[in-house]
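K.L.:
The sequence shown begins at 18 in my numbering and counts up one residue at a time.
One structure, as structure tokens, below. Some questions next.
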Amino acid sequence: MPSPSTIDFLLVTLRYALDWVLVIGFTLAAGFLGNIDGARRPFNPYDPAYSFPYHDDTVSVIQLGIVAILGPAVIMMLCCLLAPRSVLPALANYPNAPSSLVWKHKLLNWNRAWLGLGLTDALAFFISNCLKNVFGKPRPHMISVCKPDWDRVAEIIKTTRTGPQGILAWNPLVTSEICTTTDHDKLSEAFRSFPSGHSAMSFSGLTFLSLFLYSTLVLTLRSTSTTKLPYSNADLKRSDESNEKSSSSSDRASKLHPPSLPLITFVVVIAAFCLAMWIAATRYLDFKHAGIDIFSGSLLGFFSAICGTWWYAMPAAGGVAKGRIRSGYRDDLRMGRRGVADGDYDREPRGPINAGEGMLLGHRESVDENDQPKFEPQTSRPMV
């Protein structure tokens with residue numbers, strides 16, 4: 018008979034495995050939708066909006082996968098596995114945690130980061146392919162791919178004369194039946210303009226990476242460069258008079274005051290977002306999409322990244338996730354206030370620990386309300 022801890026471990030592992038099954042299922046379904054023939058909207062063969070020349074992709078599908086999926090995945094894996102224990106929110110009050118527990122936290126952070134990235138990309142991939150099949154909008158280079166039979170187009174125009182004097186209707190609508198190309202795959206792809214898949218995928222993966230890097234850099238830099246500043250001059254005088262007292266009494270007159278982040282962190286975070294904008298711009302330069310297609314795809318990818326970030330908390334998000342799996346760790350029974358100075362209250366990790374993930378980390382105890390630390394209300398002092 019397996020032990021309760023083993024059962025709990027298996028249940029939590031099964032829950033994460035189910036999440037991966039759903040993410041992979043969404044991805045496979047999106048790939049299937051991308052390989053079927055969708056709707057083909059009628060078009061005007063004389064419309065200059067569809068008469069641009071055919072141009073090869075500046076960013077191919079393989080390159081897009083490397084930049085928007087594989088690259089962020091590798092970067093997030095390295096950030097999670099190489100992060101020092103001092104930046105792990107769950108171990109902020111547990112400096113002497115064993116290496117096995119530290120690695121469990123790192124692996125859980127890595128798993129959640131990849132799940133968030135997978136959900137983000139799968140959502141953008143699935144929705145964009147669904148919309149492409151439904152709208153069937155022609156691409157700007159569609160005429161170049163279609164190679165219309167102009168004699169047949171002329172016959173169609175003759176049958177669409179309107180008015181008492183047979184004035185030609187200069188907005189004749191034809192279908193893909195007038196196309197003479199033998200490359201049916203390329204012709205089918207020519208009717209998949211809205212929304213831009215490249216824009217959606219680039220903004221989903223790289224926006225998610227930007228949010229991940231921001232949360233990671235914020236926690237890493239502030240945990241290594243945090244200074245303690247008094248509230249006021251009176252507190253400064255009070256701290257000077259308490260030099261002979263214990264350090265805990267001196268810490269009560271101080272509060273952690275995180276400094277502003279270096280500007281280089283902004284450059285690192287925004288670089289991924291700028292790369293996504295460049296990929297989206299190439300779709301316009303290659304005559305693959307109209308402006309509204311690129312804007313809609315970028316917006317879809319951006320909101321997909323927000324959903325992935327919202328559902329799976331980042332490893333450095335401070336311990337609160339909005340989804341079914343909570344990422345917060347708060348081992349008040351083992352870490353709690355034991356060995357923590359009064360002035361270190363601000364370093365306490367936020368968010369209640371999930372019972373299942375607590376078991377996965379090796380904690381069999383359940384958190385009771387009576388065991389929760391009591392927070393004394395603090396009264397603000399007037400500035401002097």
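For every residue, glycine included, the Cβ atom is placed at its ideal position computed from N, Cα and C.
Quick check: the Cα distance between Pro165 and Leu292, rounded to an integer number of angstroms?
P.N.:
The straight-line gap from Cα to Cα measures roughly 37 Å.
K.L.:
Tell me whether Asp36 is buried or exposed, calling it buried when 16 or more other Cβ atoms sit within 10 Å of its Cβ.
P.N.:
When all chains shown are included, Asp36 counts as buried.
K.L.:
Tell me whether the beta-carbon of Lys123 lies closer than 9 Å to the beta-carbon of Phe211.
P.N.:
Cβ distance not < 9 Å, so Lys123 and Phe211 don't count as in contact.
K.L.:
Using the Cα positions of Glu194 and Gly51, report the straight-line distance between them to the nearest angstrom.
P.N.:
One C-alpha to the other measures close to 22 Å.
K.L.:
Please state the DSSP three-state secondary structure of Pro279.
P.N.:
Pro279: coil per DSSP, three-state reduction.
K.L.:
Within the same chain, show all residues whose beta-carbon is closer than 6 Å to that of Phe225, passing over the 5 residues directly before and after it, in chain order.
P.N.:
Only Leu134, Thr137, Ala322 and Gly325 meet the Cβ criterion.
K.L.:
In terms of alpha-carbon separation, which member of Gly308, Thr282 and Pro157 lies closest to Asp64?
P.N.:
Selected option, being the one with the closest Cα: Pro157.
K.L.:
Within 10 Å of its beta-carbon, does Asn146 have 16 or more other beta-carbons around it, so buried, or fewer, so exposed?
P.N.:
When all chains shown are included, Asn146 counts as buried.
K.L.:
For Val151, which of Arg58, Leu45 and Gly48 has the nearest alpha-carbon?
P.N.:
Among Arg58, Leu45 and Gly48, the Cα nearest to that of Val151 belongs to Arg58.
K.L.:
Check this for me: beta carbons of Gly314 and Phe220, under 9 Å apart or not?
P.N.:
Closer than 9 Å, so yes.
K.L.:
Can you grab the Cα-Cα spacing for the pair Leu280 / Ser227, in whole Å?
P.N.:
About 15 Å.
K.L.:
Within its chain, find whatever has a CB closer than 7 Å to the CB of Glu261; leave out the 5 residues flanking it on each side and keep chain order.
P.N.:
The predicted position of Glu261 is uncertain, since its pLDDT is 47 and thus under 50; no value can be drawn from it.
K.L.:
Going straight from the alpha carbon of Met93 to that of Val29, what length do you get?
P.N.:
C-alpha separation (whole angstroms): 22 Å.
K.L.:
Looking only at its chain, what residues have a beta carbon closer than 8 Å to the beta carbon of Gly285, apart from the 5 residues adjacent to it on each side?
P.N.:
The sequence shown places Val at residue 285, rather than the Gly named in the question. Cβ neighbours of Val285 beyond the five flanking positions: Leu230 and Leu234.
K.L.:
From what residue to what residue does the alpha helix (DSSP H) around Asp202 run?
P.N.:
That run of the alpha helix (DSSP H) goes His201 to Glu206.
K.L.:
Assuming Gly318 contacts Ala141 under a Cβ cut-off of 8 Å, what Cβ separation, rounded to an integer in Å, is found between them?
P.N.:
Confirmed, about 5 Å.
K.L.:
On the DSSP letters alone, give me the boundaries of the alpha helix (DSSP H) that Asp73 sits inside.
P.N.:
Looking at the DSSP string, Asp73 is not in any alpha helix (DSSP H), and its letter there is neither H nor E.
K.L.:
Just list the beta strand (DSSP E) runs in the segment 45-94, keeping only unbroken ones of 3 residues or longer that don't cross its boundaries, in chain order.
P.N.:
If we require 3 residues or more, the segment 45-94 turns out to have no beta strand (DSSP E) run fully inside it.
K.L.:
Cβ of Leu118 within 9 Å of Cβ of Leu108?
P.N.:
Result yes, Cβ atoms of Leu118 and Leu108 sit closer than 9 Å.
K.L.:
Using DSSP bridges, identify the partner residues of Cys97.
P.N.:
DSSP, once it has assigned bridges, lists no residue as partnering Cys97.
K.L.:
Could you check whether Ala297 and Ser213 sit closer than 9 Å to each other, using their CB atoms as the reference points?
P.N.:
Cβ atoms of Ser213 and Ala297: closer than 9 Å.
K.L.:
Could you name the residues that DSSP lists as bridge partners for Val40?
P.N.:
DSSP, once it has assigned bridges, lists no residue as partnering Val40.
K.L.:
Can you give the Cα-Cα distance for Arg169 and Leu81, rounded to whole angstroms?
P.N.:
Roughly 39 Å between the two C-alpha positions.
K.L.:
Name the two residues that bound the continuous alpha helix (DSSP H) containing Glu172.
P.N.:
Element bounds for Glu172: Trp167 to Lys175.
K.L.:
Going by CA-CA distance only, name the one from Trp167, Asp303, Pro189 and Cys96 that's closest to Trp127.
P.N.:
Of the candidates Trp167, Asp303, Pro189 and Cys96, the one whose C-alpha sits nearest the C-alpha of Trp127 is Cys96.
K.L.:
What residues match up with Cys196 in a beta bridge as DSSP calls it?
P.N.:
Answer is Pro165, bridged to Cys196.
K.L.:
Go to Ser432, then tell me how far its alpha helix (DSSP H) extends in each direction, as first and last residue.
P.N.:
In this structure the chain extends from 18 to 401, so residue 432 is not present and cannot be described.
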